[in-house]
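Participant: So for the sequence shown, this note's numbering puts the first residue at 28; every next one is plus one. All C-beta atoms in this analysis are idealised placements derived from N, C-alpha and C, irrespective of residue type, glycine included. Before I ask anything, here is the structure I am working with.
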Amino acid sequence: MKIIALVCAALLGSMLVNQSTQADDKKEVTLNGTILCAKCALKEAKKCQNAIQVKEGDKTVTYLFDDRGMKESYHEAVCGGEKKEGTVKGTVSTKDGKQIIKPTKVEYAK
């Protein structure tokens with residue numbers, strides 16, 4: 028009976044840690060960097076897609092936007108290879124080894 032109780036406690040603890048980690052992944056972050064088109068400027072996408080490049084230590088990390096691509100009002104400013112400094116707020120995740128941000132706000136520097 029003690030073994031069953033220990034197994035149940037371990038499983039419950041594992042589930043709580045997993046839920047806690049998932050909740051942490053949903054925190055809103057603010058990224059400051061260079062906003063650009065992943066197709067036109069980076070040649071990394073088959074169709075127009077927004078992205079932001081952020082300096083993290085010695086590396087430049089690219090976050091692809093999880094949005095409507097060229098249908099977004101802020102895309103035209105960077106389509107065709109333009110690059111603009113700006114800020115993106117949203118939730119970050121990883122998909123297929125790539126950093127993704129689901130933007131809630133995009134602003135270009137003035």
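So is G113 buried or exposed if we call it buried at 16+ other beta carbons inside 10 Å?
Facilitator: buried
Participant: Do the CB positions of Y101 and I128 come within less than 9 Å of each other?
Facilitator: no
Participant: From this set, P130, S120, K111 and K122, which residue's C-alpha is nearest K137's C-alpha?
Facilitator: K111
Participant: Given a threshold of 16 other Cβ atoms within 10 Å of its Cβ, counted over all protein chains shown, does G84 qualify as buried or as exposed?
Facilitator: exposed
Participant: Give me, in chain order, the residues of the same chain whose beta-carbon lies closer than 8 Å to that of Y135; leave out the 5 immediate sequence neighbours on both sides.
Facilitator: For Y135, same chain residues with a beta-carbon under 8 Å away, outside a window of 5 residues either side, are I62, Y101, A104, K111, E112 and G113 in chain order.
Participant: When the Cα of G124 is compared with those of R95, C75 and V88, which residue comes out closest?
Facilitator: Of R95, C75 and V88, the smallest CA-CA separation from G124 is found for V88.
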